[in-house]
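Residue numbers (this note's numbering): 4 to 125. Contents: one structure, followed by commentary.
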């Protein structure tokens, strides 16, 4: 539950238009266009292109990947993992710089996003 808290949950959802994301987050630090096959893992060449935007932020953003892992760990250890996981998860609220990478599909709709807690220095 701790990892599910944060800002921008209203736009960081699958299917959100890139224009809406940019209205909320501003201009990306870096924006690249890549073939759709490299996003979906397909081996066939494709004429479709997808966009990947990267932002640097210190804001707390919901991290659904960590959230699902913490839930599984809690259920596998009958809740005993909470003794270790909760203090560690509180570090989620410490403002530190992280890279937010957003992948869009060929229609410029958000397909997924990733958080990198060790972004490259500028």
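Backbone N, C-alpha and C define an ideal beta-carbon position, used for all residues, glycine too.
Rounded distance between the beta-carbons of residue 106 and residue 99, thought under 8 Å: On the chain shown, residue 99 is found 96 positions in, with the first residue counted as 1. On the chain shown, residue 106 is found 103 positions in, with the first residue counted as 1. Incorrect: roughly 23 Å between the Cβ atoms, too far for contact.
For residue 54, the first and last residue of its enclosing alpha helix (DSSP H): Here residue 54 corresponds to residue number 51 of the chain shown, with the count starting at 1. No alpha helix (DSSP H) contains residue 54, which is instead part of the beta strand (DSSP E) from 52-60.
Cβ-Cβ distance between residue 52 and residue 39 below 8 Å: Residue numbering aside, residue 52 sits at position 49 when the chain shown is read from its first letter. Residue numbering aside, residue 39 sits at position 36 when the chain shown is read from its first letter. Yes, these two residues count as a Cβ contact at 8 Å.
Three-state class that DSSP yields for residue 113 in the structure shown: Against the chain shown, residue 113 aligns to sequence position 110. Strand at residue 113.
Start-to-end residues for the beta strand (DSSP E) that takes in residue 106: In the chain shown, residue 106 corresponds to position 103, counting from 1. Start and end: 101-107.
Residues that residue 35 bridges to, as DSSP identifies them: Locating residue 35 in the chain shown gives position 32, counting from the first residue. According to DSSP, which records beta bridges pairwise, residue 35 is partnered with 55.
C-alpha gap between residue 31 and residue 50, whole angstroms: Start at 1 with the first residue of the chain shown, and residue 31 comes out as number 28. Start at 1 with the first residue of the chain shown, and residue 50 comes out as number 47. The alpha-carbon atoms of residue 31 and residue 50 are separated by roughly 24 Å.
Minimum Cβ-Cβ distance from residue 19 to chain D less than 8 Å: Checking the listed chains, one finds no chain D in this structure; it contains a single protein chain.
Distance CB(residue 112)-CB(residue 101) smaller than 8 Å: As a working note, residue 112 is residue 109 in the chain shown. As a working note, residue 101 is residue 98 in the chain shown. In this structure, residue 101 does not lie closer than 8 Å to residue 112 by Cβ.
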